[in-house]
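S.K.:
Protein chains in written order, with the working numbering: chain E, 146 to 749; chain B, 146 to 749.
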């Protein structure tokens, strides 16, 4: 039927030109006559979608703006998650290890050993360092801690809006739900497929949250190629439309390099305390905290100085020429000390042994004394609500020598880099500010140290001071805060915690899930900015801040900086940039372009 | 010199008429001639000041408004603090036990045993239940916990604005500072007077923070007479001027009676959970929390119901005819359970004994199992930041049967009282609301229970639903909250904590004192409302709330409700009432009148 074939091709071209997209066409041929039944935009993989959008634009069938619009954040996200290797997938299908299919509710491939309850999942993952897939008939809100510990989640019941799906998407955990052909028997620690195959706890499983496929065994995975030319070209077009800058949160040189590769235009948040937790540094940090005198403390700080300086040298080199926002120490100091519970347990055991005359009394006494001394210090610093305690700028005011050391490390590193020909733009960021006086005081102290270093080094290095806006009061008095800040960065994680009075660590695996299931909250405010409450404060903060300082630079460095809906909101607020994890940078570039294009559309 | 005498009396009358106040006149008589040197308003005791104000007004030398204006909150406060008995004071002076005098920085008399450091003060007061006076050369910020445990504070150095004075005034602790004639020797645990008398730790001491006097020994005290006719009359005049209602916070019938006696027009806050801590109830509360099934929990709640009902009957009877605002359960449930640390210690001890084969293994095992079971429950409920955790309305949504029981107890009590001829006006207050949906849901649940009770009882009792505004988000979306609330009550303690991101329990004895000493904060925001930040949210809350519900009743029930500066602020915001502790009611009545009079003056 060459005539019909020719006719079909012609109609196909017409339809694709009309709909400006590849078509999935249904037709029938009855007695040599072609009948067109239906046409719709064809389904496609993320790679195909991006390639198609780029090609259609190059063929001038759609504008570049339209091409950018047609690609979704999920398409981009695909490139940033591991996927099942195509060859391994085909081989598995041939071998018959594709055991079931369900709803593809959270993208990415996950490989791990099967576990049937959340506690085991947590234990295996955290204590035994195993990779696990949590398999449940239908997860309950109190399974969340197990989900968070798992590589992926599989449930035999539940739908796209089920609790498991919701949580998995929010945390970026690959998940397949509603796999009704699997019979999960938690009591007997096994599951049975429709063909009678039985998988037990500890057996390997591979799931694809992008397709909903479930394979027995350990399949190979690939990380999609972020240098794919279509991917790169489409994102470069997106960059042409967006008004928001996209920066990244990076604590180490290796993160900074990745961020740069993904297209970040700066570092929006470097958390300096992460460096303190490293194995060789922690004992020095602990001695510094426990020091009984200023002199003792100074000695330990002197040991930390070259380490921090080295961190900053690495960061400046990796990001040569781009701005680096360095947040001074933020967490309460007791986070660096040994666990209160562990110390207490050790002490009671020693006391009991001593009382029962079991062991060498002198040795026991000596050990007891040493442990008690540490416990005393830990108890003196223990807080009922550490989230609202002695941290951030409060710490900088309480223990000025600590932030002075950090300031010195930053500027000594900057001078060293400048001498090597590296271009540095350090931005010093002071966290948890709630009054303008504390910012003024802290900044004066740091300026003093900075001038001292630059004088010693005989150099001039430009640097800026700014602050996090992460406490409701800071947003409310942003006009006064801006007197002492050259930039603002919204710390929306903490701002959400304080605006709602919700402790995220406690609530996200607790009543917050319950709230979403009951429809009290339609979205997790820690994933997408709560525009009504937190957003109100942000808007006020921007307005008041720029009243005082017209060109005040304003960004966001909470996790919301990588969420498309939140990025659109930041665009509307007129922020200068969003800063997110390096892996989210490409998504943020697209989402920022969408926000700008949406505005153009609205203005038409 | 009868002529001069007569002349002096005449001039005195003229001066007092002119200055409209009792005068302290200096004069000299030289060679029979009277020379007037100086005149000023005479110093007086609180009693004298009030009496004088009332008498001047009765003689029409000043207006009633002026009389009210001349009395300060401190004068009123005097009537509410114990004072040294006048006879005991005279006797002590004769006996020579008035050992020193210093600066009178915080009013009231305090009697207790001398201690020389804060830890001992805390230990003696809390563990040994002794009354102590903390004596220090000059207290340091980390002495605050000792000050809070003490009856009174004495320091040999420091001035009116010293840290000790500041803290003492804010907490209402009688204090005398700058007693330079005392030589305090902390090492030797003693102090020496200028006459060589030595007082040791444990010796009794009496101080008068209103006069600055320090006596050795245990002097008798009196509580000034709040039925003093001048005091009563002046306050009744004040009531005529004020626009703000004055209510009281009262959890028990006896508090409610006192509040009424002091002139409260309602109960602004009854904390229902305080009743749960009573010795005979706590075990039932614990069993209810630890119940493994809904049926089990229902059984324990059924035992609590008559107890709570009894509480409310008492409260309604005591306050017959006035509104009673009953806040549903607020604190996280783990506050009612045994201490995590104590359980852990007991378990480690049992484990160690078992491991060392010390004692009957079966008995040890059994005890261990029981303790571990409780510890598991306590750990499951443990939160990193309980202040921001599962409490308030979140608890009511998570465990609806608990608040249903409370609602039932309130309405059954109300019906019982109505049948006895008592007039009841219950106002049900839902705490920690941050979204309108949670208030809507919780209210619907409670309405259902209420209707059920009233149907059973065959009666109609009027009741209202309202909410605390104590989370920043609630103030920001007050228009939507007001859709489901008939009244608002600002919980300024929690609102201050969340607006500043400060945990009061941790900070007030820690960095908050440091902040005040360094001038970062000029006032303790937990004593006087922070108008810039917390006040901004309150203003917004009132405005938005009344946009939705024009006649929305708005009050405040945080501790700020008894602070004159905060009361003036609440007056300006147009609140309906302030609610404070019963002992602060008279002060609040005066302060509210001052606020109204100040406004009249401004308008002139």
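Every residue gets a Cβ at the ideal spot worked out from N, C-alpha and C, and that includes glycine.
Quick caveat: nothing in here was measured; it's all calculated off a predicted structure.
Identify which residue in B:282, B:618, B:537, B:499 has its Cα closest to the Cα of residue 682 of chain B.
M.R.: The candidate whose alpha carbon is nearest that of residue 682 of chain B is B:618.
S.K.: Considering only C-alpha positions, which residue in the set E:477, E:471, E:474, E:522 is nearest to residue 489 of chain E?
M.R.: Per the Cα distances, E:522.
S.K.: By DSSP, does residue 343 of chain B sit in helix, in strand, or in coil?
M.R.: It is a strand residue.
S.K.: Would you identify the three-state DSSP class for residue 701 of chain B, choosing helix, strand or coil?
M.R.: Reduced to three states, the DSSP call for residue 701 of chain B is strand.
S.K.: Mind reading off the beta-carbon distance from residue 289 of chain E to residue 257 of chain E? Whole number of angstroms is fine, and I expect it under 8 Å.
M.R.: Rounded, the Cβ-Cβ distance is 17 Å, inconsistent with contact.
S.K.: Count Cβ pairs between the region 445-455 of chain E and the region 551-563 of chain E that sit closer than 8 Å; are there 3 or more?
M.R.: Short answer: they touch.
S.K.: Nearest chain E C-beta to residue 680 of chain B closer than 7 Å, yes or no?
M.R.: No, residue 680 of chain B lies away from the interface with chain E (no Cβ there is under 7 Å from its Cβ).
S.K.: Is the beta carbon of residue 103 of chain B less than 7 Å from the beta carbon of residue 633 of chain B?
M.R.: With chain B covering only 146 through 749, there is no way to say anything about residue 103 of chain B.
S.K.: Should residue 107 of chain B be labelled buried (16 or more other beta-carbon atoms within 10 Å of its own) or exposed?
M.R.: The structure shown does not extend to residue 107 of chain B, since chain B is modelled only from 146 through 749, so no value can be given for it.
S.K.: Do you know how far the Cα of residue 608 of chain B is from the Cα of residue 570 of chain B?
M.R.: About 6 Å.
S.K.: Could you check the C-alpha separation between residue 483 of chain B and residue 442 of chain B for me, to the nearest Å?
M.R.: C-alpha separation (whole angstroms): 18 Å.
S.K.: Counting only runs of 4+ residues fully inside the region 620-687 of chain B, write out the alpha helix (DSSP H) ranges in chain order.
M.R.: Counting only runs of 4 or more, we get 623-626, 637-645, 649-652, 656-662.
S.K.: Provide the residue span of the beta strand (DSSP E) that contains residue 519 of chain E, from first to last.
M.R.: Here residue 519 of chain E belongs to no beta strand (DSSP E); instead the alpha helix (DSSP H) covers 506-526.
S.K.: According to DSSP, residue 722 of chain B sits in a beta bridge with which residue or residues?
M.R.: Answer is B:390, B:700, bridged to residue 722 of chain B.
S.K.: Taking C-alpha atoms, which residue in B:735, B:714, B:597, B:407 lies nearest to residue 372 of chain B?
M.R.: Ranking the options by Cα distance to residue 372 of chain B, first place goes to B:407.
S.K.: Determine, using beta carbons only, whether residue 539 of chain B comes closer than 7 Å to chain E.
M.R.: Yes, because at least one Cβ of chain E sits closer than 7 Å to the Cβ of residue 539 of chain B.
S.K.: Under a three-way DSSP split, which group does residue 751 of chain E fall into?
M.R.: No answer is possible for residue 751 of chain E: it lies beyond the span of chain E, which begins at 146 and ends at 749.
S.K.: Straight-line CA distance for residue 148 of chain E to residue 157 of chain E?
M.R.: So the two alpha carbons sit approximately 14 Å from each other.
S.K.: List the residues of chain E that residue 535 of chain B touches, going by C-beta distances under 8 Å, in chain order.
M.R.: The answer, in chain order, is 651, 652, 655, 656.
S.K.: Determine, using beta-carbon pairs with one atom in the region 534-546 of chain E and one in the region 461-477 of chain E, whether at least three such pairs fall under 8 Å.
M.R.: Segments in contact, yes.
S.K.: Can you name the residues of chain E whose CB is closer than 7 Å to the CB of residue 645 of chain B?
M.R.: Under the 7 Å cutoff, chain E gives 579, 616, 618.
S.K.: CA-CA distance, residue 626 of chain E and residue 598 of chain E?
M.R.: So the alpha carbons of these two residues sit roughly 26 Å apart.
S.K.: Between which two residues does the alpha helix (DSSP H) harbouring residue 542 of chain B extend?
M.R.: Residue 542 of chain B -> alpha helix (DSSP H) spans 538-543.
S.K.: Which one of E:160, E:320, E:312 has the shortest CA to CA distance from residue 172 of chain E?
M.R.: With distances taken between Cα atoms, residue 172 of chain E lies closest to E:160.
S.K.: Residue 415 of chain E to residue 721 of chain E, Cα distance in whole Å?
M.R.: In a straight line, the C-alpha of residue 415 of chain E is about 18 Å away from that of residue 721 of chain E.
S.K.: Once the 5 residues before and after residue 562 of chain B are set aside, which same chain residues still bring their CB inside 7 Å of it?
M.R.: Cβ within range, chain order: 458, 461, 462, 569.
S.K.: State yes or no: is the C-beta of residue 224 of chain E within less than 7 Å of the C-beta of residue 386 of chain E?
M.R.: No.
S.K.: With DSSP as the reference, label residue 749 of chain B as helix, strand or coil.
M.R.: Note on residue 749 of chain B: pLDDT 45, under 50, position unreliable in the model; no value is reported.
S.K.: Could you name the residues of chain B that residue 493 of chain E contacts, counting a contact when the two beta carbons are closer than 7 Å?
M.R.: Neighbours of residue 493 of chain E on chain B, chain order: 490, 493, 494.
S.K.: Leaving aside the five residues before and after residue 749 of chain B along the sequence, list all residues of the same chain whose C-beta is less than 6 Å from its C-beta, in chain order.
M.R.: Its pLDDT being 45, under 50, residue 749 of chain B is placed unreliably in this model, and the coordinates cannot settle the point.
S.K.: Residues of chain B with a CB under 9 Å from the CB of residue 532 of chain E: which are they?
M.R.: Correct list: 529, 530, 532, 533, 646, 648.
S.K.: Specify, as a first and last residue, the run of the beta strand (DSSP E) that residue 329 of chain E falls within.
M.R.: Residue 329 of chain E -> beta strand (DSSP E) spans 328-330.
S.K.: Just tell me which of E:507, E:591, E:226, E:651 has its CA closest to the CA of residue 253 of chain E.
M.R.: Of the listed residues, the one whose Cα sits closest to residue 253 of chain E is E:226.
S.K.: Residue 622 of chain B touches chain C at which residues, Cβ-Cβ below 7 Å?
M.R.: Structure shown: chain C not included; protein chains present are E and B.
S.K.: Between the C-alpha atoms of residue 275 of chain B and residue 167 of chain B, what's the straight-line distance to the nearest angstrom?
M.R.: If I take the Cα positions, the gap works out to 44 Å.
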